[in-house]
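Under our numbering, the first residue of the sequence shown is numbered 35, with each subsequent residue one higher. Encoded as structure tokens, the structure appears first; notes follow it.
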Amino acid sequence: MTNSVNVFNTEINYQAPVIAHETIEIHASKKTIMSILSNILEWPTWRQDISNVQLLSIDNNVSTGTDFKWKSNGLKYNSQIHTCTTSLFGWTGKTIGAYAVHNWKLTTNKSRTTVEVSESLEGLSIKLMKRKMQSELPLLLRKDLHDLKIQCEKIVEEVKK
């Protein structure tokens, strides 16, 4: 991970046809949460819709600039990490007719961490399915947050034992 500056290298596109933002509190440290988020090869263990994750770096290291390919709900994505700090994790992704910016922000609050996730979607496919995607994207982000919470809090409980 790089420095801990609190600014994404690529912000979501607030003018995109579809955008969503969701938040959750997780009873885990930023370090624990970031270790789960940035371990891209393990995404399929806690994000059931994701499969076939492949890092394209020689050393399988995840950092700003790392390219990766993955599959979610049958669609193949080509992505790149644009920000990887102790508090921010974000990537861009392309698939047929769509481009996404996906950003996670972590803020410590006593024994909890607030996790915010934002995403913008644009492209021809998104314009054609705007209404459907605008209603589905918040649900997908909430599911990711919920699954992340379960995974992180499970790890915290295992460490306590």
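A virtual CB, placed ideally from N, CA and C, is assigned to each residue, including glycine.
Cβ-Cβ distances below 6 Å link S113 to F102, W125 and G127 in the same chain, with the five nearest sequence neighbours on each side left out; the list follows chain order. Within a 10 Å sphere around the beta-carbon of L179 sit 16 or more other beta-carbons, which makes this residue buried.
Going by beta carbons, K139 and E150 fall inside the 8 Å limit. In the assembly as shown, Y48 is an exposed residue. Its beta-carbon has fewer than 16 other beta-carbons within 10 Å. Cβ atoms of I60 and I67 come within 8 Å of each other, at about 6 Å. Rounded to whole angstroms, the gap between the alpha carbons of T117 and T98 is 5 Å. The region 115-178 contains, as complete beta strand (DSSP E) runs of 3+ residues, the segments 122-129, 132-143 and 146-156 (chain order).
Within the region 35-75, the runs of alpha helix (DSSP H) at least 4 residues long that lie entirely inside it are, in chain order, 64-71. DSSP places T79 in the uninterrupted alpha helix (DSSP H) bounded by W77 to W80. Between F42 and S159, the alpha-carbon positions lie close to 26 Å from each other.
Cβ atoms of T142 and K64 come within 8 Å of each other, at about 6 Å. For the 8 Å CB-CB criterion, L89 and L75 form a contact. The beta carbon of W77 is closer than 6 Å to those of I84 and V87 in its chain, skipping five residues each way along the sequence. Pairing F123 with S69 gives a Cβ-Cβ distance that is not under 8 Å.
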